[in-house]
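Q: Under the numbering used here, the residues of the sequence shown are numbered 2 to 93, in order.
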Amino acid sequence: MFGKLITLLWTARKRIRLISSLVQDERIPLWQRAIPFLPLIYIFSPLNFITLAIPFFGQLDDVVLLLLAMDLFENTVEKSIIDEHIERHKEN
Numbered sequence: 002m003f004g005k006l007i008t009l010l011w012t013a014r015k016r017i018r019l020i021s022s023l024v025q026d027e028r029i030p031l032w033q034r035a036i037p038f039l040p041l042i043y044i045f046s047p048l049n050f051i052t053l054a055i056p057f058f059g060q061l062d063d064v065v066l067l068l069l070a071m072d073l074f075e076n077t078v079e080k081s082i083i084d085e086h087i088e089r090h091k092e093n
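1. Write down every uninterrupted run of the alpha helix (DSSP H) in the stretch 9-40 whose length is 4 residues or greater and which is fully enclosed by it, in chain order.
2. Distance, Cα to Cα, K95 vs F45?
3. Taking one C-beta from the stretch 17-31 and one from the stretch 67-86 each time, how about it: are there three or more such pairs within less than 8 Å?
4. Kindly indicate which three-state DSSP category S81 falls into: helix, strand or coil?
5. Determine, using beta carbons only, whether L66 and Y43 come nearer to each other than 8 Å.
6. Using C-beta distances below 7 Å, list every residue in its chain close to F58, excluding the 5 sequence neighbours before and after it, in chain order.
7. According to the neighbour-count rule (16 or more other Cβ atoms, all chains shown, within 10 Å of its Cβ), is I82 buried or exposed?
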């Protein structure tokens with residue numbers, strides 16, 4: 002159990018670094034770079050404050066939305082650009 006949690010956190014850390022790097026890449030159109038930030042509209046909306054009253058679900062839906070946005074972002078960016086950033090992070 003503890004090992005899986007460590008693996009999940011390590012993978013999340015690497016993925017967040019990749020997303021952060023991709024968002025700063027000027028070759029990616031602005032509309033694509035905005036995708037990871039779209040869940041923030043929901044997270045800070047009054048609708049989300051209602052779901053926060055529900056234990057566990059209130060936090061779970063925020064995390065799922067963030068993960069879906071990261072997946073969508075990665076799927077819209079050209080594979081060659083993603084591969085370039087992955088290689089750059091392997092060197093560091």
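Using N, Cα and C, we set each Cβ at its ideal position, and we do this for glycine too.
A: Let's see:
1. For the stretch 9-40, whole alpha helix (DSSP H) runs of length 4 or above, ordered along the chain, are 31-34.
2. There is simply no residue 95 to check, as the chain begins at 2 and stops at 93 in what is shown.
3. The stretch 17-31 makes contact with the stretch 67-86; the number of CB pairs closer than 8 Å reaches 3 or more.
4. Helix at S81.
5. Yes, these two residues count as a Cβ contact at 8 Å.
6. Here the set comprises T52.
7. By the beta-carbon neighbour count (other beta carbons within 10 angstroms, threshold 16), I82 is exposed.
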